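Undergrad:
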Amino acid sequence: MAVIVTGGARGIGRATAQRLARLGASVAVGDLDADLAASVAAPFGDRVVAARLDVTDPASWREFMAEVSHLGPWDALINNAGIMPLGSLLKEPDELTRTIFDVNVFGAINGTKAVAPGMIDRGRGHIVNVASAVGRLAVANAASYSASKFAVVGFSEAMRAELAPAGIDVTVILPTVVQTELSAGVPAARGVKPVTAEDVAKVIELALRKPRAELWVPRWVQGPTKFTQALPRRVAGALDNLSDAGKVLSQADPVERQAYEERARRGT
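In the numbering used here, each residue's number is its place in the sequence shown (first place is 1) plus 84.
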């Protein structure tokens, strides 16, 4: 299997690239930080390569695809690159709002446009889009992030219908709070244990082995969440207060998040 992983230098992307490589896959690791991405690829020899990739830029995608083409043709694309700056929308600079959508939404769109045509030509392939639980259940203090992940969910569902006749599967992954730099300072919701990047990587592997439309991490959260969403809003709100899930991003520690926020706001 030959796989592309975006945002592969850190967090979920790094764990996924390493896990798939350990299982014998050929992996192309794309990231803005080419040096850090190279450190992911180094232990695996020629079977794993790293190259600079700006997912927001179609020209960068073309350059990346040319650089890693010797590992293809591509069986799977993991659209993982994403950023999560937090804060009030009313205080959010316009440039930051655009950056969130450029990375989180257009990153997945650009990647699909770059890789799916080759899959269509061969009549098979799998696209995995890493969204978030807040792509189904929005929370305060992350309006743009939530909106971007709702967009990724909608994009995934539309592309699943569009690409299915060509033999291509599309899966959307919805993790809760993951213990990576992206979630620095974010407390766990009451009753929901934080998951690790490796936990998400395991679910991505599961999706590649047995394609599903939608997978949550942890997987047990999907049922209660969808049940709650089917309830009247007032009842659902009361249950949300019991779990504290809707307040976790508002309660993030700004001191602990400072380094990540500075990097995310630069789009890196």
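Where a beta carbon is used, it is the ideal one built from N, C-alpha and C, also for glycine. Only a predicted model underlies this, so the values are computations on that prediction, with no experimental measurement involved.
Evaluate contact between the stretch 226–237 and the stretch 120–134, counting only Cβ atoms and requiring at least three cross-stretch pairs below 8 Å.
TA: no
Undergrad: Is the distance from the Cβ of Arg347 to the Cβ of Leu180 below 7 Å?
TA: Taking 7 Å as the Cβ cut-off, Arg347 and Leu180 do not qualify as a contacting pair.
Undergrad: Using beta-carbon positions only, say whether Phe148 and Gly114 come within less than 7 Å of one another.
TA: Yes, they are a contact pair.
Undergrad: Alpha carbon to alpha carbon, what distance is there between Lys175 and Val332?
TA: In this structure, the straight-line span from the alpha carbon of Val332 to that of Lys175 is close to 19 Å.
Undergrad: Given this structure, state the Cα-to-Cα distance separating Lys277 from Ala217, to the nearest angstrom.
TA: 14 Å
Undergrad: From Ala248 to Asp205, what distance separates their C-alpha atoms?
TA: Take the alpha-carbon of Ala248 and the one of Asp205: they are about 13 Å apart.
Undergrad: Apply the 10 Å Cβ neighbour rule to His154 and answer buried if 16 or more other Cβ atoms are within range, or exposed otherwise.
TA: exposed
Undergrad: What residue from Asn213, Trp300, Val133 and Gly209 has the CA that sits closest to Asn194's CA?
TA: With distances taken between CA atoms, Asn194 lies nearest to Asn213 out of Asn213, Trp300, Val133 and Gly209.
Undergrad: Name the two residues that bound the continuous beta strand (DSSP E) containing Ile257.
TA: Ile252 to Pro259
Undergrad: What would DSSP say about Gly209, mapped onto helix, strand or coil?
TA: strand
Undergrad: Assign Arg136 to one of three DSSP states: helix, strand, or coil.
TA: Residue state for Arg136 is assigned as strand, using DSSP reduced to three classes.
Undergrad: Taking C-alpha atoms, which residue in Glu282, Ala285 and Gly209 lies nearest to Asp253?
TA: Gly209
Undergrad: Compute the Euclidean distance between the alpha carbons of Ser144 and Ala135, then round it to the nearest angstrom.
TA: 10 Å
Undergrad: Can you have a look at Glu246 and say buried or exposed, based on whether 16 or more other CB atoms are within 10 angstroms of its CB?
TA: By the neighbour-count rule (16 or more Cβ atoms within 10 Å), Glu246 is not buried but exposed.
Undergrad: Let's see if you can read the secondary structure: which residues bound the beta strand (DSSP E) around Ile88?
TA: Ala86 to Thr90
Undergrad: May I have the straight-line CA-CA distance separating Val199 from Gly251, to the nearest angstrom?
TA: Distance between the alpha carbons of Val199 and Gly251: 14 Å.
Undergrad: With 16 as the cutoff for other CB atoms within 10 Å, does Glu345 come out buried or exposed?
TA: buried
Undergrad: Since Ile162 contacts Ala281 with CB under 8 Å, what's their CB separation in whole angstroms?
TA: In fact, because the Cβ distance is near 13 Å, the residues do not count as touching under 8 Å.
Undergrad: Name the DSSP beta bridge partners of Leu161, please?
TA: BP columns for Leu161 point to Ile88 and Ile211.
Undergrad: Quickly, what does DSSP pair Ala198 with across the bridge? List them, please.
TA: Note: Ala198 sits in no beta bridge, so no partner.
Undergrad: For Pro271, which residues from the same chain have a beta carbon less than 7 Å from its beta carbon, with the 5 sequence-adjacent residues on both sides left out?
TA: Val332 and Gln335
Undergrad: Grab me the residues of Arg189's own chain with a C-beta within less than 8 Å of its C-beta, minus the 5 sequence neighbours each way, in chain order.
TA: Inspection of the sequence shows that residue 189 is occupied by Val rather than by Arg. Ser232, Ala235, Val236 and Phe239.
Undergrad: So, helix, strand or coil for Val223, using DSSP?
TA: coil
Undergrad: Measure the alpha-carbon distance for Pro338 versus Ile184 and round it to whole angstroms.
TA: 19 Å
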